[in-house]
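Trainee: This is the structure I have questions about; it appears just below.
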Amino acid sequence: MTIDEENIVLDRLIICSKCHTLHHKVHIAKGKSAKCENCKKVLYHYDERILDSGLALGITGIILFVISNMFPLVQVEFLGHEQYVSITSMIFSLFENGFYVVGITVAFLIFIFPLMILIIYVALSWMMMTGQGRDTTKELLILLSKLLPWSMIEIYVVSILVALVKLIGYMQVHFGLSFWALVLFMILDIYLSKNVHIGELWELRNRIYCDKGR
Amino acid sequence: MIREDRIIDESKLLRCTVCEAVNLDKGDDIYCHRCNSRIFRNPKLSTSRAWAFLITAFILYIPANIYPILFSEKLGSRDANTIIGGIIVLWEDGSYPIAMIILVASVLVPILKFIVLIYLLIKSKTKRYKKNKINQHKLHYMTEIIGPWSMVDVFVVAILTGLVHMTTVRVIAGPGATAFVLMVLFTMFAALSIDVRLFEERDKNGSS
Ligand SMILES: [Zn+2]
Ligand SMILES: [Zn+2]
Numbered sequence: 001m002t003i004d005e006e007n008i009v010l011d012r013l014i015i016c017s018k019c020h021t022l023h024h025k026v027h028i029a030k031g032k033s034a035k036c037e038n039c040k041k042v043l044y045h046y047d048e049r050i051l052d053s054g055l056a057l058g059i060t061g062i063i064l065f066v067i068s069n070m071f072p073l074v075q076v077e078f079l080g081h082e083q084y085v086s087i088t089s090m091i092f093s094l095f096e097n098g099f100y101v102v103g104i105t106v107a108f109l110i111f112i113f114p115l116m117i118l119i120i121y122v123a124l125s126w127m128m129m130t131g132q133g134r135d136t137t138k139e140l141l142i143l144l145s146k147l148l149p150w151s152m153i154e155i156y157v158v159s160i161l162v163a164l165v166k167l168i169g170y171m172q173v174h175f176g177l178s179f180w181a182l183v184l185f186m187i188l189d190i191y192l193s194k195n196v197h198i199g200e201l202w203e204l205r206n207r208i209y210c211d212k213g214r
Numbered sequence: 215m216i217r218e219d220r221i222i223d224e225s226k227l228l229r230c231t232v233c234e235a236v237n238l239d240k241g242d243d244i245y246c247h248r249c250n251s252r253i254f255r256n257p258k259l260s261t262s263r264a265w266a267f268l269i270t271a272f273i274l275y276i277p278a279n280i281y282p283i284l285f286s287e288k289l290g291s292r293d294a295n296t297i298i299g300g301i302i303v304l305w306e307d308g309s310y311p312i313a314m315i316i317l318v319a320s321v322l323v324p325i326l327k328f329i330v331l332i333y334l335l336i337k338s339k340t341k342r343y344k345k346n347k348i349n350q351h352k353l354h355y356m357t358e359i360i361g362p363w364s365m366v367d368v369f370v371v372a373i374l375t376g377l378v379h380m381t382t383v384r385v386i387a388g389p390g391a392t393a394f395v396l397m398v399l400f401t402m403f404a405a406l407s408i409d410v411r412l413f414e415e416r417d418k419n420g421s422s
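In structure tokens, the structure reads:
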């Protein structure tokens, strides 16, 4: 058996990311998904419009991300004093107080990585739709899978609520426009991570670029 | 049509962590046939790296709990709060749900992660004579999912530091926060560097 033949055989298999049970891929109907027999984790989908939705959701995400950084997230009132916080002002005040490690880590986890992931989704979908950037898409997909575990937007949203509960009773608390943008962004981020599987993007990439070369 | 069942040894199949492709284990150095990432370096190296990360995280866990994670100043008087101290204050104030969230995220999740990772690292060394009841892959997957949630307390401190800095009331992060951030990062590095190939062999009941 040649390496090529071996790889064709290997590509018919899939290993569950959660419990590592081996499965043979089967054909599924449009819009359906295949689940792991053992742990019920979704293995793959049949989604014809994965690139369209990747592009649309990516752009929407970037817009929401910009909005969530332009306005205050939350505002508090205490004895006539008003103060607000945004993602950037929060990171700056950590730096001002000398908490560089915390500041840099927080900046990466809730600002730089989430933004990079969105840009990668948009770039990938666009390149694969137009059939250009054979090697770039490969690099981007590798980068994407390394970044995904390090985006913590949903944890941050929960943290905002926890922080506010600590303040309620002492201060008046108002949510800013950016908070709601961030909540929408979080929902979109969860949707993307549930519905766009890295393995499917790789398969699609191989169909788009490698079949052409033959 | 190639008959796969005869040629492929199912116990030697590996999942590429980068692109999810299935690869055949041919020895020490394999490069994924789809994304070309190196899947497997050296089991001893990845195990000792995981131990190094884990021990570092454990050492950081001590200052993270001893030193205050935040200071709050009210009209000149300064209060220092450690993680546990903050939970107790919340509990006494009657914010039970929030106290529980922080207790789970900052205390129980890290401890659970330490225990699970140590268990996985020790288990991966011993021979697998009998079938394990616990699926180690599932356990590892769970630690990767719940691990990041211990960042909640750090984010809360960051938000409060950014939000509450008035002349009469001020909240500032404490040195415990730095230790805690590093601890979470190191446990995540440890979880990511564990070689899943060292786990118990996979169940062979699946044929989708
Ligand atoms: Zn499974
Ligand atoms: Zn791969």
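Chains as they are written, first to last, in our numbering: chain A, 1 to 214; chain B, 215 to 422.
Cβ atoms here follow ideal geometry from the backbone N, Cα and C, with glycine treated the same way.
Would you say Asn7/A reaches chain B, if we count a Cβ-Cβ gap shorter than 8 angstroms as a contact?
Mentor: yes
Trainee: Spell out whether any CB of chain B is found under 8 angstroms from the CB atom of Ile198/A.
Mentor: So, interface residue.
Trainee: Leaving out five residues on either side along the sequence, give the residues of the same chain with a beta carbon under 8 angstroms from the beta carbon of Phe413/B.
Mentor: Leu334, Lys337, Ser338, Gln350, His351, His354
Trainee: So for Asn419/B, helix, strand or coil by DSSP?
Mentor: Residue confidence for Asn419/B is low, a pLDDT of 44 falling below 50, so the modelled location carries little weight and cannot support an answer.
Trainee: Looking only at its chain, what residues have a beta carbon closer than 6 angstroms to the beta carbon of Arg134/A, apart from the 5 residues adjacent to it on each side?
Mentor: Tyr209
Trainee: List the residues of chain A that Leu238/B touches, going by C-beta distances under 8 angstroms, in chain order.
Mentor: Chain A residues near Leu238/B: Glu6, Leu10.
Trainee: Report the residue ranges of all alpha helix (DSSP H) runs contained in full by the segment 302-381 of chain B; include only those spanning at least 4 residues, in chain order.
Mentor: For secondary structure counted as the alpha helix (DSSP H) over 4 or more consecutive residues, the segment 302-381 of chain B holds these complete runs in sequence order: 310-316, 323-339, 350-360, 366-377.
Trainee: Looking at the strands, I want to know which residues DSSP matches up with Val74/A.
Mentor: Answer by DSSP bridge pairing, in chain order: Val85/A, Phe175/A.
Trainee: How many Å lie between Leu228/B and Thr392/B at the Cα?
Mentor: Rounded to the nearest angstrom, the two C-alpha atoms are 37 angstroms apart.
Trainee: Please find out if some non-hydrogen atom of ligand 3 comes closer than 7 angstroms to the beta-carbon of Thr231/B.
Mentor: Ligands displayed in this structure: ligand 1 and ligand 2; ligand 3 is not among them.
Trainee: Could you tell me the alpha carbon to alpha carbon distance between His81/A and Gln172/A, rounded to whole angstroms?
Mentor: 10 angstroms
Trainee: Against chain B, does His174/A count as a neighbour if the rule is that its beta carbon must be under 8 angstroms from one of theirs?
Mentor: no
Trainee: Please go through the segment 113-195 of chain A and give each complete beta strand (DSSP E) segment of 3 or more residues, from N-terminal end onward.
Mentor: 172-175
Trainee: Along chain B, in chain order, which residues have C-beta atoms closer than 8 angstroms to that of Gln83/A?
Mentor: Near Gln83/A (Cβ distances below 8 angstroms), the residues of chain B are Leu377, Val378, His379, Met380.
Trainee: Let me see if you follow: with CB-CB separation under 8 angstroms, is Ser260/B close to chain A or not?
Mentor: no
Trainee: Could you give the C-beta distance for Thr364/B and Ile142/A, rounded to a whole number, given that I count them as a contact under 8 angstroms?
Mentor: Note on identity: in this sequence residue 364/B is Ser, with Thr being the wrong assignment. Not really, about 27 angstroms apart at Cβ, beyond 8 angstroms.
Trainee: Mapping DSSP to helix, strand and coil, what is Asp4/A?
Mentor: helix
Trainee: Given a limit of 7 angstroms on CB to CB distance, which residues of the segment 64-90 of chain A reach chain C?
Mentor: Although the question refers to chain C, the structure presented lacks it and instead comprises the protein chains A and B.
Trainee: Taking 8 angstroms as the threshold (beta carbon to beta carbon), is Pro114/A in contact with chain B?
Mentor: no
Trainee: Can you name the residues of chain B whose CB is closer than 8 angstroms to the CB of Tyr46/A?
Mentor: Here the premise fails: no neighbours, minimum Cβ distance about 14 angstroms.
Trainee: By Cβ distance below 8 angstroms, which residues in the same chain neighbour Ile298/B in space, the five residues on each side in sequence not counted?
Mentor: Asn279, Val321
Trainee: Taking the alpha-carbon positions, what's the Leu115/A to Glu358/B distance?
Mentor: Whole-angstrom Cα-Cα distance: 21 angstroms.
Trainee: Can you check whether the C-beta of Trp305/B is within less than 8 angstroms of a C-beta belonging to chain A?
Mentor: no
Trainee: Report the three-state DSSP secondary structure of Phe99/A (helix, strand or coil).
Mentor: coil
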